[in-house]
Amino acid sequence: MNVKMNQLAFLLGSYGIKKGDRVAILMNRCLESALAVYGIMKAGAVFVPLDPLAPDGRISFLLRDCGIKCLVTTPLQKKGVLRQLGETSMLEAVIGLQVDGVLNSCSWDEVFSIIPGSHKPVNILEQDLAYIMYTSGTTGIPKGIMHTHYSGLSYARLSADLYKVTPDDRVGNHAPLFFDISTFGYFTAPLAGATTVIIKDAYTKLPASLSGLIEEEKLTIWYSVPLALVQLLLHGVLVNRDLSTLRWVLFGGEHFSAKYLASLMAIWPHARFSNVYGPAEVNQCTYFNLETPPGIDHPIPIGQVWGNTEYKILSDDDSVAAPGTAGELVIRSATMMKGYWNNPELSRKSFYRTTDAAGQDQLFYRTGDLVNTDDSGWLILLGRRDSQVKIRGYRVEPDEIEAILKMHPGVQDAVVIATEKHEGEKELLAAVIPMPESNPEQAELLKHCRNILPPYALPQRILVVPAFPRTRSEKIDRRQIKELLSEQTYE
Amino acid sequence: MNEIILNYIREQLTHGEAVGEITEEDDLLGSGILDSLGMMRLILFLENEFDVSIPPEDMTIENFMTVSHIRTYLKK
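Residue numbers (the numbering used here), protein chains in the order written: chain E, 9 to 499; chain V, 63 to 138.
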């Protein structure tokens with residue numbers, strides 16, 4: 009691997025890629041992605057992972073936004089790459105695929121036959137950029153999160169230490185490279201000398217094959233969004249599998265329904281479970297290791313901050329919230345991003361600044377998440393600051409209504425959103441996925457809600473759907489659900 | 063049978079422009095033609111359309127990699 013990474017780094021240098029240049033990676037889940045990550049960093053450049061299934065317009069936006077001249081890919085992406093070259097493209101080099109229409113192009117076989125000449129290592133400082141990861145953001149305009157070698161390496165050190173990763177570990181990397189959860193498989197495991205098994209796309213779509221792979225590869229650490237674990241539980245024929253090698257199951261990126269988590273913990277008593285929390289802007293910042301299965305009517309805490317990290321909870325006016333009251337979580341940590349690429353205004357707005365003394369400022373990242381502490385002192389996630397809505401003057405948390413819907417035995421998952429019915433008048437709409445073999449009626453679900461919720465917090469409509477639309481990182485796509493529900497209402 | 067499945071994939075499940083023409087030999091899983099949600103919907107469609115029940119242990123790469131694999135599996 010190291011020889012091949014050096015060959016790629018050498019080639020990038022010969023193509024004129026210099027320290028600080030951005031190089032895109034357009035690949036699905038494959039071994040070449042690891043070569044690209046480290047080859048690009050060895051060249052002193054900044055890797056920018058792109059989603060091969062993103063619309064062409066989004067990919068070309070990111071390429072332009074980052075001023076990318078060189079793209080590393082695989083032959084499987086040929087159609088998409090050609091479409092990018094067709095547009096008014098700045099691309100000068102494509103590596104991993106032979107194409108016409110660029111200055112330089114080179115297949116992986118050719119990369120692997122390079123004999124690197126006298127290669128002078130690039131002088132990389134820890135505050136230099138290592139990678140830029142894009143997220144959609146609530147506005148839909150992609151934001152490029154800039155991470156340095158320091159923030160990336162800090163994440164790898166802290167997570168390797170927290171989960172005591174050793175060279176004997178075998179880590180299942182389920183997330184695609186453009187999703188920040190992948191930093192555990194691509195950074196943490198290599199730092200600890202562990203093995204990362206990059207799970208190919210096909211396995212992520214068929215839970216029975218996925219559980220077979222976990223068994224065959226004797227994975228010891230698993231990290232994914234909850235959805236992948238729920239699919240394993242419901243469709244992964246786990247009774248037929250010996251997964252006794254699993255010692256850590258990490259999940260994050262989204263809320264994990266307590267009833268599924270409890271079922272998995274019962275099936276895998278040999279494994280420990282950890283709820284990982286942290287926006288991509290800070291990689292990870294808190295964790296909660298479950299000692300006992302979660303209670304059905306209690307949220308799973310996001311727990312406590314980890315090393316080299318401090319937090320504050322802020323009220324609406326940016327003052328520190330009184331103990332026991334809810335507010336926005338702000339985080340200062342070694343794993344924090346440098347800011348958003350090409351967007352100083354947004355970067356400025358995303359930080360909360362304190363001044364200890366003249367010239368001694370501290371920057372905290374505003375997570376946008378509302379948190380509180382519970383009786384035991386654990387941090388509890390209440391929802392997005394911007395998802396809180398006022399219905400006829402009452403403050404309503406859609407997440408709470410979702411939790412109540414999920415307590416119904418016939419409900420597998422639920423989403424509640426607020427839409428504007430008329431000017432200034434909001435209403436709540438819900439979509440639920442039924443449990444297998446279950447078919448709950450809207451009236452019955454409304455009755456269930458009415459038993460627990462005040463009238464103003466009741467959804468106006470509950471739509472039963474077979475599955476939710478998902479974003480490319482497999483999080484629930486709330487914007488798309490909102491459109492779906494709004495259409496249903498006015499049909 | 064192939065055409066029924068291919069038509070459903072083309073019309074209901076693909077990401078439009080990103081896919082282009084699909085044939086029975088195309089890798090549905092590795093190339094990004096279907097996401098995990100699309101795979102679940104395809105399985106539901108197959109169960110309804112061909113009046114079969116597909117147990118979880120049969121939902122594997124060997125049976126669902128291509129439309130041609132799916133046909134072989136359903137014939138069994």
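The beta carbon of each residue, even a glycine, is placed where N, CA and C say it ideally should be. Since the structure is predicted, the reported quantities are computational estimates derived from the model, not experimental observations.
Assign Leu133/E to one of two classes, buried (16 or more other C-beta atoms within 10 Å of its C-beta) or exposed (fewer than that). The residue given as residue 133/E occupies position 125 in the first sequence. By the 10 Å Cβ count, Leu133/E comes out exposed.
What's the gap between the Cα of Gly193/E and the Cα of Gly180/E? Translated into positions along the first sequence, residue 193/E becomes position 185. Translated into positions along the first sequence, residue 180/E becomes position 172. So the alpha carbons of these two residues sit roughly 7 Å apart.
How many angstroms separate the CA atom of Lys5/E from the CA atom of Gly260/E? Past the boundaries of the shown model lies residue 5/E; chain E is included only from 9 to 499, so the question cannot be answered.
Which of helix, strand or coil does DSSP assign to Gly2/E? Look at the range of chain E in this structure, 9 to 499, and you will see that residue 2/E is not part of it.
Just verifying my parser: in three-state terms, what is the DSSP assignment at Ser115/E? In the first sequence, counting from the first residue as 1, residue 115/E sits at position 107. Ser115/E falls in the coil class under three-state DSSP.
Of the choices Met415/E, Phe195/E, Leu79/E, Arg361/E, whose alpha-carbon is the least far from that of Ala266/E? Counting from 1 along the first sequence, the entry for residue 266/E is found at position 258. When only C-alpha atoms are compared, the closest one is Met415/E.
Whole-angstrom Cβ separation of Leu466/E and Arg458/E, contact assumed at under 8 Å? Here residue 466/E refers to the residue found at position 458 of the first sequence. Here residue 458/E refers to the residue found at position 450 of the first sequence. Rounded, the Cβ-Cβ distance is 6 Å, consistent with contact.
Exposed or buried, Tyr498/E, counting other C-beta atoms within 10 Å across all chains shown (16 or more means buried)? Position 490 of the first sequence, counted from the start, is the residue given in the question as residue 498/E. Note that Tyr498/E has pLDDT 46, beneath the 50 cutoff, so the model's placement of it is unreliable and the number below is only indicative. Exposed: under 16 other Cβ atoms inside 10 Å.
Return the residues of the region 47-64 of chain E that lie within a Cβ-Cβ distance of less than 8 Å from chain V, sorted by chain order. Pro60, Leu61, Pro63, Asp64
Within chain E, partners of Met127/V - CB distance below 8 Å: On the second sequence, residue 127/V is found 65 positions in, with the first residue counted as 1. Simply Ala210.
Nearer than 6 Å: is that true of the beta carbon of Phe281/E relative to any heavy atom of the ligand COA? Absence of the ligand COA from the depicted structure is noted, as is the absence of any ligand whatsoever, leaving it without description.
Do Arg478/E and Leu99/V have their beta-carbon atoms positioned less than 7 Å apart in this structure? In the second sequence, counting from the first residue as 1, residue 99/V sits at position 37. In the first sequence, counting from the first residue as 1, residue 478/E sits at position 470. In contact: Leu99/V and Arg478/E (Cβ atoms closer than 7 Å).
Is Ile123/V close to chain E? Criterion is C-beta to C-beta, closer than 7 Å. For the purposes of this step, residue 123/V is taken as residue 61 along the second sequence, with counting starting at 1. True, the Cβ-Cβ gap to chain E drops below 7 Å.
Can you grab the Cα-Cα spacing for the pair Tyr464/E / Ile409/E, in whole Å? Stepping through the first sequence from its first residue, residue 464/E is reached at position 456. Stepping through the first sequence from its first residue, residue 409/E is reached at position 401. Straight-line Cα distance between these residues: approximately 11 Å.
First through last residue of the beta strand (DSSP E) which encompasses Gln3/E: The structure shown has nothing for residue 3/E, since chain E only spans 9 to 499.
On the criterion of 16 or more Cβ atoms from any shown chain inside 10 Å, does Phe264/E qualify as buried, or is it exposed? One-based indexing of the first sequence puts residue 264/E at position 256. Under this definition Phe264/E is a buried residue.
Roughly how many angstroms separate the alpha carbons of Asp117/E and Trp314/E, rounded to a whole number? For this step, residue 117/E is matched to residue 109 along the first sequence. For this step, residue 314/E is matched to residue 306 along the first sequence. Going by the C-alpha atoms only, they are around 43 Å apart.
Closer than 9 Å by beta-carbon distance: list the chain V residues that pair up with Asn14/E, in chain order. Within the first sequence, the letter at position 6 stands for residue 14/E. Simply none; closest approach about 28 Å.
For chain V, find out if any of its Cβ atoms is closer than 7 Å to the Cβ of Ala537/E; answer yes or no. Any answer about residue 537/E is impossible in this case: the structure gives chain E only from 9 up to 499.
Return the residues of the region 202-234 of chain E that lie within a Cβ-Cβ distance of less than 8 Å from chain V, sorted by chain order. Lys208, Asp209, Ala210, Tyr211, Thr212, Lys213, Leu214, Pro215, Ala216, Ser217, Gly220
Members of the region 445-478 of chain E that neighbour chain V once the beta carbon cut-off is set at 9 Å: Pro474, Ala475, Phe476, Pro477, Arg478
Go ahead and label Gln15/E buried or exposed: buried means 16 or more other beta carbons lie within 10 angstroms of its beta carbon, across all protein chains shown. The count along the first sequence starts at 1 and reaches residue 15/E at position 7. Burial call: buried.
Since Met154/E is in the beta strand (DSSP E), which residue starts that stretch and which ends it? What you label residue 154/E is simply residue 146 of the first sequence in a count that begins at 1. Segment 151-156, the beta strand (DSSP E) holding Met154/E.
Between the CA atoms of Pro302/E and Ala329/E - distance to the nearest angstrom: Position 321 of the first sequence, counting from 1, holds the residue named residue 329/E. Position 294 of the first sequence, counting from 1, holds the residue named residue 302/E. C-alpha separation (whole angstroms): 27 Å.
Out of curiosity, what's the CA-to-CA distance linking Pro331/E and Ala44/E? Taking the first residue of the first sequence as 1, we reach residue 331/E at position 323. Taking the first residue of the first sequence as 1, we reach residue 44/E at position 36. Whole-angstrom Cα-Cα distance: 47 Å.
Where do the ends of the beta strand (DSSP E) carrying Phe18/E lie? Against the first sequence, residue 18/E aligns to sequence position 10. Element bounds for Phe18/E: not the beta strand (DSSP E) but the alpha helix (DSSP H), 10-22.
Residue span of the alpha helix (DSSP H) that contains Lys138/V, given as start and end: Against the second sequence, residue 138/V aligns to sequence position 76. That residue, Lys138/V, is in no alpha helix (DSSP H); it is neither H nor E in DSSP.
What is the C-beta distance between Arg30/E and Ile140/E, in whole angstroms, given that I count them as a contact (C-beta under 8 Å)? Residue numbering aside, residue 30/E sits at position 22 when the first sequence is read from its first letter. Residue numbering aside, residue 140/E sits at position 132 when the first sequence is read from its first letter. About 7 Å; that satisfies the 8 Å criterion.
Does the CB of His155/E have a neighbour CB from chain V at under 7 Å? Within the first sequence, residue 155/E is the residue found at index 147, counting from 1. Chain V contact via Cβ: absent.
Between the alpha carbons of Ala334/E and Leu378/E, how many angstroms are there, rounded? Locating residue 334/E in the first sequence gives position 326, where the first residue counts as 1. Locating residue 378/E in the first sequence gives position 370, where the first residue counts as 1. Cα to Cα, Ala334/E sits roughly 7 Å from Leu378/E.
Short of 6 Å in beta carbon distance, which residues of its chain neighbour Met443/E, apart from the five on each side in sequence? Order them along the chain. Counting from 1 along the first sequence, the entry for residue 443/E is found at position 435. Once the five neighbours on either side are set aside, the close Cβ partners of Met443/E are Gly418, Gln420.
Below 8 Å, can you find three or more Cβ-Cβ pairs linking the region 89-99 of chain E to the region 63-75 of chain E? yes
Which same chain residues, not among the five before or five after Leu84/E, have their C-beta less than 7 Å away from its C-beta? Working through the first sequence from its first residue, we reach residue 84/E at position 76. Answer for Leu84/E: Asn36, listed in chain order.
From the DSSP output, which residues share a beta bridge with Tyr142/E? Position 134 of the first sequence, counting from 1, holds the residue named residue 142/E. Gly152/E.
Quick check: Ile123/V and Ser219/E, are their CB atoms within less than 7 Å of each other? For the purposes of this step, residue 123/V is taken as residue 61 along the second sequence, with counting starting at 1. For the purposes of this step, residue 219/E is taken as residue 211 along the first sequence, with counting starting at 1. Not a contact, by the Cβ cut-off of 7 Å.
Could you tell me which residues DSSP puts in a beta bridge with Trp386/E? Stepping through the first sequence from its first residue, residue 386/E is reached at position 378. Looking at the DSSP assignment, Trp386/E forms no beta bridge with any residue, so it has no partner.
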